[in-house]
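Trainee:
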Amino acid sequence: MPDITAVLDEYAVNQVLPAAQAAVGTLTHSGSMYFFPCNYTYTVSGSFSGGTAYLTPPNKVQLAGFTLHYSLYLLISLDLSDIIPDIHIPPLGPYNIGFFTIYIPPINFNWPTITLPLSYSDTATVTTDCTLSTSLAGPDWHVDLVVQSISQLNVNQAAAAILLLIGAAVGPALVGIPLIGPFVGAAILGITTAIGIGGVLNLLNLMLTPLVAGAAFRIYNQPQHFPLMAVAGPNDPTVYMDLDLVTASVVNLGEPELVIYADVSP
Amino acid sequence: MDTLDSRTLGYFDLYIRRFTSPGEHPYALGAAALDPFSAEFPFTVLVGDAASAAPVQHDVDVHREAGGLRADPAEVRCAPGDTVRWHSVDARTPRYVVRGTGPSGRWGSGRLESGTVYSHLFGLPGEYRWLDPLGNALSGTVEVAYPPPSEDPADFAAWRDAIRTISLVTIRGDSATPTATKVLVGQWVVFGVEEAPGGGMAIADHRLVAPSAEAADASPPPKEAGDAVG
Numbered sequence: 001m002p003d004i005t006a007v008l009d010e011y012a013v014n015q016v017l018p019a020a021q022a023a024v025g026t027l028t029h030s031g032s033m034y035f036f037p038c039n040y041t042y043t044v045s046g047s048f049s050g051g052t053a054y055l056t057p058p059n060k061v062q063l064a065g066f067t068l069h070y071s072l073y074l075l076i077s078l079d080l081s082d083i084i085p086d087i088h089i090p091p092l093g094p095y096n097i098g099f100f101t102i103y104i105p106p107i108n109f110n111w112p113t114i115t116l117p118l119s120y121s122d123t124a125t126v127t128t129d130c131t132l133s134t135s136l137a138g139p140d141w142h143v144d145l146v147v148q149s150i151s152q153l154n155v156n157q158a159a160a161a162i163l164l165l166i167g168a169a170v171g172p173a174l175v176g177i178p179l180i181g182p183f184v185g186a187a188i189l190g191i192t193t194a195i196g197i198g199g200v201l202n203l204l205n206l207m208l209t210p211l212v213a214g215a216a217f218r219i220y221n222q223p224q225h226f227p228l229m230a231v232a233g234p235n236d237p238t239v240y241m242d243l244d245l246v247t248a249s250v251v252n253l254g255e256p257e258l259v260i261y262a263d264v265s266p
Numbered sequence: 267m268d269t270l271d272s273r274t275l276g277y278f279d280l281y282i283r284r285f286t287s288p289g290e291h292p293y294a295l296g297a298a299a300l301d302p303f304s305a306e307f308p309f310t311v312l313v314g315d316a317a318s319a320a321p322v323q324h325d326v327d328v329h330r331e332a333g334g335l336r337a338d339p340a341e342v343r344c345a346p347g348d349t350v351r352w353h354s355v356d357a358r359t360p361r362y363v364v365r366g367t368g369p370s371g372r373w374g375s376g377r378l379e380s381g382t383v384y385s386h387l388f389g390l391p392g393e394y395r396w397l398d399p400l401g402n403a404l405s406g407t408v409e410v411a412y413p414p415p416s417e418d419p420a421d422f423a424a425w426r427d428a429i430r431t432i433s434l435v436t437i438r439g440d441s442a443t444p445t446a447t448k449v450l451v452g453q454w455v456v457f458g459v460e461e462a463p464g465g466g467m468a469i470a471d472h473r474l475v476a477p478s479a480e481a482a483d484a485s486p487p488p489k490e491a492g493d494a495v496g
């Protein structure tokens with residue numbers, strides 16, 4: 001039988017949720033990945049707000065419909081030769097130029113690798129399932145809602161917008177590439193088709209998931225050693241209490257409740 | 267890469283020289299800005315005594331190997347009146363200069379003599395105003411255009427056909443004919459130096475020629491230019 005039992009209903013959990021989200025601050029994640037024909041290097045940062053917490057016994061809290069505010073910086077590099085055929089100008093000649101005859105060698109020009117820089121900011125609606133995690137970290141006990149799985153990450157509109165941005169970035173990236181002129185249209189179409197909406201969706205999911213998965217929203221924080229009663233006089237000093245163990249669970253007590261149990265010692 | 271400058275040669279350039287004097291014409295390939303005229307000439311053009319019935323063009327491919335520039339073949343055997351063409355086989359080959367010596371003195375791509383050709387394939391559109399950075403009163407323009415935008419494969423085929431033709435600018439003394447040339451992206455312009463102005467000449471985009479350096483030359487002056495004259 002725990003010494004202390006604290007019970008929070010859904011309303012109470014939702015009251016502490018905004019502060020818990022704000023306390024997470026801005027998370028940043030960097031990485032790189034390759035999906036033919038592109039190599040993606042990215043840095044994405046995000047913060048959370050809104051949504052509703054639903055207590056689901058046993059021991060699950062769903063955070064539904066909260067907002068992920070994210071900004072991403074993406075470098076897409078790709079070998080143009082994977083998109084459009086390389087240029088082969090055959091040998092030319094003979095040409096009589098008046099004082100002798102010349103032959104022109106063939107030109108086999110391989111397209112270079114180009115890099116498309118992309119910045120994008122947006123919001124995504126996210127629904128996650130969380131578990132409760134209690135831990136003694138340093139001098140404090142924590143109870144966190146830790147994201148275990150993402151059941152919804154709505155980035156469909158963002159994917160379409162990013163694909164448009166990619167298409168718009170191709171043209172400037174081709175400036176200065178010899179012989180590309182007649183192939184600019186084919187390059188833009190080829191790159192956006194090769195990546196596709198599906199590719200951008202996949203990319204967004206892979207970039208944003210690490211921001212959300214594993215995120216911990218702290219709903220309870222208490223020093224392990226804390227004053228229970230303040231000093232009341234020269235012979236009545238402060239009374240301290242130690243939290244020896246803290247556990248938490250979601251249980252059904254007629255309605256779902258988040259219960260925090262604590263064992264204490266003087 | 268799309269640099270109109272005969273003083274250094276890139277993938278979109280070629281240099282052709284006619285050899286008329288029998289004997290050995292050793293030469294070197296060097297990075298223009300870094301190499302002084304080399305004392306070593308690892309490659310050779312050997313010109314025999316007997317002229318062939320019809321002049322032949324011999325092709326030398328330039329490529330980078332083991333940190334240096336190599337000519338393939340390293341030795342060209344030809345007859346008087348034959349021509350030798352240098353061209354890099356790889357777009358990654360750094361710009362280079364052909365510098366040689368021989369019975370008639372020094373020669374090289376940095377200074378176009380009579381009986382030489384500098385040719386450039388234009389890869390980017392624009393108006394290229396060229397002049398002679400060696401100070402001769404030679405100049406002209408090359409207007410390079412994209413083919414008209416079109417989704418029609420026939421138009422694309424027409425462009426491919428168009429770039430299989432060359433545009434010729436003939437240099438005779440201080441005269442270039444024509445002075446204005448229009449080509450499409452991907453097309454070669456051949457500058458045929460039938461008769462070089464005294465001391466030789468070069469061709470360079472005016473943007474590459476610093477006013478104070480217009481009279482300077484990257485290569486040593488030839489002792490005589492007559493070797494290339496047929």
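As you go down the protein sequences, you meet chains A and B in turn.
So for the first sequence, this note's numbering puts the first residue at 1; every next one is plus one.
So for the second sequence, this note's numbering puts the first residue at 267; every next one is plus one.
For each residue, glycine too, the CB sits at the ideal point set by N, CA and C.
Quantities reported herein were computed from a predicted structural model and do not represent experimental measurements.
#1: At which residues does the beta strand (DSSP E) containing A:ASP236 begin and terminate?
#2: Starting from A:LEU201, follow the alpha helix (DSSP H) in both directions and report where the run begins and ends.
#3: So A:GLY181 contacts chain B; which residues on that side make the cut at Cβ distance below 7 Å?
#4: Going along the chain, which residues of its own chain have a beta-carbon closer than 6 Å to the beta-carbon of A:ALA20, five neighbours each way excluded?
#5: Given that A:PRO90 touches chain B, what residues does it touch there, using C-beta distances under 8 Å?
#6: Looking at chain A, is there any beta carbon in it that lies within less than 9 Å of the beta carbon of B:ALA491?
#7: Which of helix, strand or coil does DSSP assign to A:PHE217?
#8: Contact criterion: CB-CB distance below 9 Å. Does B:PRO288 meet it with respect to chain A?
#9: Considering only their Cβ atoms, is the gap separating B:PHE285 from B:TYR384 smaller than 9 Å?
#10: 9 Å is my cut-off, CB to CB: does B:PRO321 come that close to chain A?
#11: Can you list the beta strand (DSSP E) stretches of 3 or more residues lying completely in the region 21 to 66 of chain A, in chain order?
#12: Counting only C-beta atoms, is B:TYR281 closer than 9 Å to chain A at any point?
#13: Is it buried or exposed for A:PRO178, if we count other Cβ within 10 angstroms and need 16 for buried?
#14: Comparing C-alpha positions only, which one of A:ALA6, A:ALA23, A:GLY196 and A:LEU208 sits nearest to A:VAL126?
#15: Here's the rule: buried if 16 or more other CB atoms are within 10 angstroms of the residue's CB, otherwise exposed. What is B:SER354?
#16: So A:ILE162 is in the alpha helix (DSSP H); what residue range does that whole segment cover?
#17: Using a Cβ-Cβ cutoff of less than 8 Å, which residues in the same chain neighbour B:GLU490 once the five nearest sequence positions on both sides are dropped?
#18: Would you decide whether A:ASN252 is buried or exposed? Buried here means 16 or more other CB atoms lie within 10 Å of its CB.
#19: Return the CA-CA distance between B:ALA294 and B:PRO463, expressed in angstroms with no decimal places.
#20: Under 9 Å between the Cβ atoms of A:TYR70 and A:THR123?
#21: Could you spell out the range, first to last residue, of the beta strand (DSSP E) harbouring A:PRO227?
#22: Going along the chain, which unbroken runs of the beta strand (DSSP E) with 3 or more residues stay wholly within the region 102 to 133 of chain A?
#23: Select from the region 95 to 125 of chain A all residues with a C-beta closer than 8 Å to any C-beta belonging to chain C, and list them in chain order.
#24: Is it the case that the CB of B:PRO391 approaches a heavy atom of the ligand FAD more closely than 8 Å?
#25: Between A:VAL246 and A:THR134, is the Cβ-Cβ spacing less than 9 Å?
#26: Determine the extent of the beta strand (DSSP E) in which A:HIS6 is found, giving its start and end residues.
#27: Kindly identify the DSSP beta-bridge partner or partners of B:ARG283.
#28: How is B:ASP356 classed by DSSP in three states: helix, strand or coil?
#29: Run through DSSP, which three-state label would B:SER433 get?
#30: Can you list, in chain order, the residues of its chain whose CB lies under 8 Å from that of A:THR101, leaving out five sequence neighbours each side?
#31: I'd like to know if the region 105 to 116 of chain A and the region 72 to 89 of chain A are in contact, where contact means that at least 3 CB-CB pairs between them fall below 8 Å.
Mentor: Taking the definition as stated:
#1: Taken as a continuous stretch (DSSP letters only), A:ASP236 belongs to no beta strand (DSSP E), as it is neither H nor E.
#2: 184 to 212
#3: PRO391, TYR412 and VAL451
#4: So the qualifying residues of the chain are PHE217, ARG218 and ILE219.
#5: ARG430
#6: Confidence at B:ALA491 is low in this model, with a pLDDT of 37, below 50, so its placement is unreliable and the value that follows should be read with caution. Answer no: the Cβ-Cβ gap between B:ALA491 and chain A never drops below 9 Å.
#7: DSSP places A:PHE217 in strand when its eight states are reduced to three.
#8: no
#9: The criterion of a C-beta distance shorter than 9 Å is not satisfied by B:TYR384 and B:PHE285.
#10: yes
#11: 27 to 35, 38 to 49 and 52 to 56
#12: With its beta carbon at least 9 Å from every one in chain A, B:TYR281 lies outside the interface.
#13: buried
#14: A:LEU208
#15: buried
#16: 156 to 174
#17: A caution first: B:GLU490 carries a pLDDT of 38, below 50, which makes its placement in the model too unreliable to give a value.
#18: exposed
#19: 25 Å
#20: For A:TYR70 and A:THR123, yes; Cβs fall inside 9 Å.
#21: 225 to 229
#22: 107 to 109
#23: This model lacks chain C altogether; the protein chains it does include are A and B.
#24: No copy of the ligand FAD appears in this structure; indeed no ligand is present at all.
#25: yes
#26: A small correction: the amino acid at residue 6 of chain A is Ala; His does not occupy that position in the sequence shown. It spans 4 to 9 - the beta strand (DSSP E) in which A:ALA6 sits, taken as one unbroken run.
#27: B:VAL350 and B:THR382
#28: coil
#29: strand
#30: GLY93, PRO94 and TYR95
#31: The answer is yes - the region 72 to 89 of chain A touches the region 105 to 116 of chain A, with three or more Cβ pairs under 8 Å.
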